Amino acid sequence: MRFGKTLCTASVLAIAAAGAATAGSHMTTITIATVNNGDMVRMQGLADEFNKEYPDIALEWVTLEENVLRQRVTQDITAGGGQFDVMTIGTYEVPIWGKQGWLVALDDMPEDWDADDFLPAISSGLTVDGTLYAAPFYGESSMVMYRTDLMEQAGLEMPDAPTWEFITKAAEAMTDKENEVYGICLRGKAGWGENMAFLTAMSNSFGARWFDENWTPQFDTEEWATTLNTYLDVMNNYGPPGASTNGFNENLSLFQQGKCGMWIDATVAASFVTNPDDSTVADKVGFALAPDAGNGKRSNWLWAWSLAIPSGTDAEDAAKTFVAWATGKGYTELVAQNEGWANVPPGTRKSLYENEEYLEAAPFAEMTLNSINEADPKNPTVDPVPYTGIQFVAIPEFSGFATQVGQEFSAALAGQQSAEEALEKAQALVSDEMEAAGY
Amino acid sequence: MARSVTTRRKIINTALAWSIGLLIFFPILWTILTSFKTEATAIANPPQFFFFDWTLENYAVVQERSNYARFLWNSIIIAGGSTILGIIIAIPAAWSMAFVPSKRTKDILLWMLSTKMLPAVGVLYPLYLIFIELGLLDTRIGLTIVLMLVNLPIIVWMLYTYFREIPGEILEAARMDGASLRSEILYVLTPMAVPGIASTLLLNFILAWNEAFWTLNLTAAKAAPLTAFIASYSSPEGLFYAKLSAASTMAIAPILILGWFSQKQLVRGLTFGAVK
Amino acid sequence: MATQHSRSAARLMMAPAVILLLGWMLVPLTMTLYFSFKKYLPLRGGDLGWAGFDNYVRFVTSSAFWPSVQATLVIVGGVLLITVALGIVLALLLDQPMWGQGVVRILVIAPFFVMPTVSALVWKNMFMDPVNGLFAHLWAFFGAQPIEWLSQASLASIILIVSWQWLPFATLILLTAIQSLDSEQLEASEMDGAPPLSRFMWIILPHLARAITIVVLIQTIFLLSIFAEIFVTTGGAFGSRTLTYLIYQRVLESLNVGLGSAGGIYAVILANIIAIFLMRIVGKNLDA
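Chains as they are written, first to last, in the numbering used here: chain A, 34 to 472; chain B, 43 to 318; chain C, 6 to 293.
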């Protein structure tokens, strides 16, 4: 009967279509997993230029939101799925994955790629036992971004290297809740790469640390209590509503809309907040180093979104060609030509900070470089620690338990528990996880 | 049939139903409207409803950034393939449950449904390893099979309830005439059940289209459907409401239109045996 | 009517579906069981040997376990309550004569077509955002302090989003059931002067029992495993971490496959308890 036949034919067709692979040509196809951040989207937009130069390499893009991306690539590399030829990963993953032998060493890259040109602070974080395992695409530290007009109105002057005391005072003076202007915007959204990145970096300036030399968690210390109380105090009094769900992106759009007096976050944000196309306050932004508390350490972090090649890829050469193109000096110039110097990916190469044109176009360049140079992943805080990493602890378990600690701190910011309760839970939870991991 | 009511009552009913309907529909309407705004207008306070400068800019940006057609095609193939495959496997099973019931029929039916309660997250890692072994990662065929299995219980149940409404005597008669089992199902039962099969098809197409866990976790580039397309717009840097709305509209429009055109079948079919 | 011959044919015809589902259930389940007794940490080199019941003990004794079971039950229960109650009201309303019934029905069923990811993103950003969301504007318009939906009322927000998605489904099934109600019976009771409430209680509601059961059963199956709505909105923070989400955190965020697998087994047990419970009710109602 007709219907049955149609049904069968349709299903055969569907299966055939589903099974049909893309017709093979001599092209090498590489699949690139990347974050949907502005700089990466720009890179994707410039892919045509890459294809002009290398017509036999086809690029497949998998652009995902940061959390989804991180989960997908981690799952793929640990299980050996081999779905990606180039992965966008950060300073946290590279040392761990490099040590496991999951990444292709980048030691035979072309001469003109000039690996020595990378900022030492950045490339040291991507190096394991003297071998570079990922190419930095853009690097960042964190710093204070503030509204010069509001600061003036408040009758204050932002020093180049402010203290937390000054930040609190300025936040109070700038807050005008009637007009939806909040003195300070900070991350509150739970996640090891969200609020915990900020809070861990902040805690360093108060002399706190995640673990002592024996890997004992330190959330029961005075230093952590001071850190969290200072944070909660300034956010509850002068922060925007709903801060406990604000991450980088949410704060960026608040700042661009002119709703934040100060914002302490990634240096890459500087080019977004000073871009007149997106920002209503583009010409009223000043920059300063991340604050300190008189302990000799500042609360700035260090991060580099980097391109890495998983070992076992079937297109290693093509992947290297792409990585060299995207992180080379030529790419910087390409972006400069197409989008202007202010939009080139910052924070990776010394030569960029010697380029007059860039320094002129990017008022934030000097502060970015200073912040990056100020960071020391080996000695992140006042007391010695057994780990590397400023806003993270470079051990595999960190991303898991730090996110849970982040949820406790986020709940404290939302007023659902006190700082003491949050710290107590954090201590219990991290001790438990560390014991499970066998420290 | 029609119950007589006063005009006044009808007016009240109409007003009430329309307000509730619009309220429920509002989030979708708002998303569609926002997709035609600039990013600045999208967050304006007071919110702008109809009188703003309509722009197609967001659609242009989304189209430029991602290959919408490929995501759409993958969604169609995967949702369509899994549904059709599922129906082919389910028809015989549903037939035997409906017309040759045994003591265990209902248990089997409920057991089938219970497989849907297994937490997908718990088996993701094992399944990922199996997919690597079989080379099914990022293939449409792999995803088609998984979604077929995920929805099979629902398909079996729906078909079962439709088949049960068909009087057994007709089949008996066909059998008396010497029809084989195969032709009985193919030529007698299936045509009578076409409306039921159509609505099963429709409902499961929608469920497969909207499935967001497996589709996201078992694909990368080649087989990624619209759920992955959305994941690249979910929280980028800077203002994004308008672009997110445009991408959302593009992701839900095909299924929304399909659903609206075929809502009669869907409504008629959505009984799950709830009505006798 | 069934002969011996047709019985075996029936069994044969059921086989493909049963075997496929059995495989779909058993293969991953066996692997999960296997992993749950292993110390399996992909980031530490993978399989680190047998762990006995360590994973099981650790998963239940973790402070996050019972709150997550509770959150799961609250979300499932809350959504069921809202969709069934509002579904009945809506179905009764849509059954009344009115102008433009078809259009209203289209409006009401629309949310069912929206992907969970999309609806979660839209609600989170465009409605519940405490600064730029529509609710915040609305609250501010009336001079109230905007609610921080996702942090201060995380469970309620998620229930709201999920209910919005499932209300159409409940409404449609209940509407079909109401339409099948014998209108003469209703009219007769109207003539008798039975007040609307008692008419609802004694005629309509019993008639709907079967439909309600179906709605509860089907929705529970889908609601137990909701994931996207939580992943997108709160990421499990503020007490909205369900059992499913807790397992996700163990397996994919902490990359402790052994521990997560043990959690998976607990989730299977919970699902089965609920399934048995449900099937008792459904089984009774389906026999009718």
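Note that beta-carbon positions come from the ideal geometry of N, C-alpha and C, so glycine has one too. This one's a predicted model, so the numbers in the text were calculated from it and none came from an experiment.
Listed along the chain, the chain C residues whose CB falls inside 7 Å of the CB of A444/A are A242 and F243. The shortest CA-to-CA distance from F141/B to any of V198/B, L155/B and Y202/B is the one to Y202/B. Annotated three-state conformation of F281/A is helix, per DSSP. According to DSSP, residue pairing for Y45/C in a beta bridge involves D52/C. Exclusion of the five residues before and after L258/B leaves T269, A270 and A273 as the residues of its chain whose Cβ lies within less than 7 Å of its Cβ. Taking a contact as a CB-CB distance under 8 Å, the pair A276/A and M268/A counts as one, their CB atoms being some 5 Å apart. Just so you know, the alpha carbons of M154/B and S175/A end up roughly 54 Å apart. Non-local beta-carbon contacts of M229/A in its own chain, meaning distances under 6 Å to residues more than five positions away in sequence, involve A435 and G439 in chain order. At least one CB of chain A lies nearer than 7 Å to the CB of L171/B. Nearest in C-alpha terms to V314/A, of all of A321/A, L322/A and F305/A, is F305/A. If you check each beta-carbon in the region 68-88 of chain B against every beta-carbon of chain C, the ones closer than 7 Å belong to P69, I70, W72, T73, T76, I85, N87 and P88. Along the region 309-324 of chain A, going in chain order, the ones with a CB nearer than 9 Å to a CB of chain B are D311, S312 and T313. With contacts defined by Cβ atoms closer than 7 Å, T278/A and S194/C do not form a contacting pair. The alpha helix (DSSP H) runs of length 4 or more contained entirely in the region 223-307 of chain B are, from start to end of the chain, 236-252, 256-259, 268-273 and 283-303.
Beyond the five residues adjoining it in sequence on each side, G123/B comes within less than 6 Å, by CB distance, of T186 in the same chain, given in chain order. For the set W29/C, I281/C and F70/C, the Cα lying nearest the Cα of A162/B is the one of W29/C. Under the rule that a run must span 4 or more residues, the alpha helix (DSSP H) segments found entirely inside the region 103-161 of chain A read 126-133 and 153-158. Where W338/A is concerned, there is no enclosing alpha helix (DSSP H), although the beta strand (DSSP E) around it starts and stops at L335 to A341.
Around L139/C, the beta-carbon contacts reaching into chain B at under 8 Å are W72 and P89.
Under the Cβ criterion of 7 Å, S274/B is counted among the residues facing chain A. For E258/C, the chain A residues whose Cβ falls inside 7 Å of its Cβ are S432, G433 and T436, in order along the chain. Counting other Cβ atoms within 10 Å of its Cβ, F92/B stays below 16 and is therefore classed as exposed. Taking C-beta atoms as the reference points, F113/B and L112/C fail to come closer than 7 Å. Following the DSSP letters along the chain, one finds I87/C inside the alpha helix (DSSP H) bounded by residues F70 to D100. Counted as a single uninterrupted DSSP element, the stretch harbouring E99/B is not any beta strand (DSSP E) but the alpha helix (DSSP H) occupying residues E99 to R107. Ranked by how close their Cα comes to the Cα of S138/B, the residues F58/C, T181/C and M18/C have M18/C in first place.
A Cβ-Cβ contact shorter than 7 Å links A132/B with A22/C. Identification of chain A residues near Q157/C by a Cβ-Cβ cut-off of 7 Å yields A447, ordered along the chain.
Rounded to whole angstroms, the separation of the alpha carbons of T238/C and A20/C is 42 Å. Each residue's CA atom was taken as its position, placing V79/C and N100/A some 26 Å apart. Counting along the chain, M60/A sits inside no beta strand (DSSP E), nor does DSSP assign it H or E at all. Within the region 62-93 of chain B, no run of beta strand (DSSP E) reaches 3 residues while sitting entirely inside it. Distance check between L136/A and each of G115/A, R105/A and I155/A places G115/A closest, using alpha-carbon atoms only. The beta carbon of T196/A sits closer than 8 Å to those of P324, D325, A326 and G327, all from its chain and outside the five residues before and after it, given in chain order. The three-state reading of DSSP puts G272/A in coil, since its state is none of H, G, I, E or B. Counting C-beta pairs with one atom in each stretch, the region 81-97 of chain A and the region 285-292 of chain B have fewer than three that are closer than 8 Å, which means they do not touch.
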